[in-house]
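In the working numbering, the protein residues as written are 10 to 300.
All C-beta atoms, glycine included, are put in the ideal place defined by N, C-alpha and C.
Report on the structure given below.
Structure representation (structure tokens):
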């Protein structure tokens, strides 16, 4: 299957939420996106190929595709899919913290992050009663978004009701099992422990094995989980964190570039300059003079 990147700009809309229903009798090409996507299987069944692994999908399944994740569909029967496409700017416009919704983090982030590792066992499947409740929401959202006369605001409200309901069902069904809650908590906590260790030792000599020890995982496992969670390897995250701190010191203090390099864990000022330019596009001196 060929692969391409779908971009939110392709939808030709200024609104950061877009809903599309498609019926697909043949395979849908391998692709990724630069936006978050929530998928609902409205009709039919088939195979979802996600990051190289195949998982069955059926009417009533609902799941998330993270930006940059490669996936495709291979219908077994004619497959009708509703795609809720969410531009990153949507979340900055919401007036309350979606993370307080029960099941939100697990449904939106953790399940897709660890889908292959868990063989898609933690996917949400809605029963018939829940399907009857959700499907009119999706139809209404798509209709409102095509209504030029104020429909976008109505669709945004309906989406928030949808996400509260879906995450609530995820919490009450999938996460009702203590073993699953513990599994997700363990996966999330390992990455959080690794990040905390890196940030606490940002100016020290950190090896990957040190990060793995802090996370209580092997080096290969923490590397894989860390990359899924942050998009960076632990070492790349460390370098980025050091550069971010160096940029702050360049802005807010009068310390010399050499002193800042040593304070942020770079013991070679030439290497520091190269890495700073790679991350920011400017040398430390140019960055400081441009503030």
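Around the Cβ of residue 153, a 10 Å sphere holds 16 or more other Cβ atoms; the residue is buried. 8 angstroms or more divides the Cβ of residue 57 from the Cβ of residue 42.
Note on geometry: alpha-carbon atoms of residue 260 and residue 252 lie some 12 angstroms from one another. As the crow flies, the alpha-carbon of residue 220 is around 10 angstroms from that of residue 200.
Sequence-distant partners of residue 27 (beyond 5 residues in either direction) whose C-beta falls short of 7 angstroms from its own C-beta, in its chain, are 20, 94 and 154. Distance from residue 73 to residue 47 at the Cβ level is roughly 5 angstroms; contact confirmed, criterion being Cβ atoms closer than 8 angstroms. With respect to residue 76, residue 123 sits apart: the two C-beta atoms are not nearer than 8 angstroms. Here the C-alpha atom of residue 298 lies approximately 12 angstroms from the C-alpha atom of residue 263.
Between residue 89 and residue 32, the C-beta gap is smaller than 8 angstroms, which places the two residues in contact. Inside the stretch 223–250, DSSP marks whole alpha helix (DSSP H) runs of 4 or more residues at positions 228–239, from first to last along the chain.
Around the CB of residue 91, 16 or more other CB atoms lie within 10 Å, so the residue is classed as buried. Counted as a single uninterrupted DSSP element, the alpha helix (DSSP H) harbouring residue 153 occupies residues 137–154. Within the model, the alpha-carbon separation for residue 267 versus residue 208 is close to 21 angstroms. Per DSSP, residue 212 lies in no alpha helix (DSSP H) and is assigned neither H nor E. Per DSSP, residue 131 is not a residue of any alpha helix (DSSP H), being assigned neither H nor E. Around the beta carbon of residue 164, 16 or more other beta carbons lie within 10 angstroms, which makes this residue buried. Annotation: the continuous alpha helix (DSSP H) that includes residue 179 extends over 160–181.
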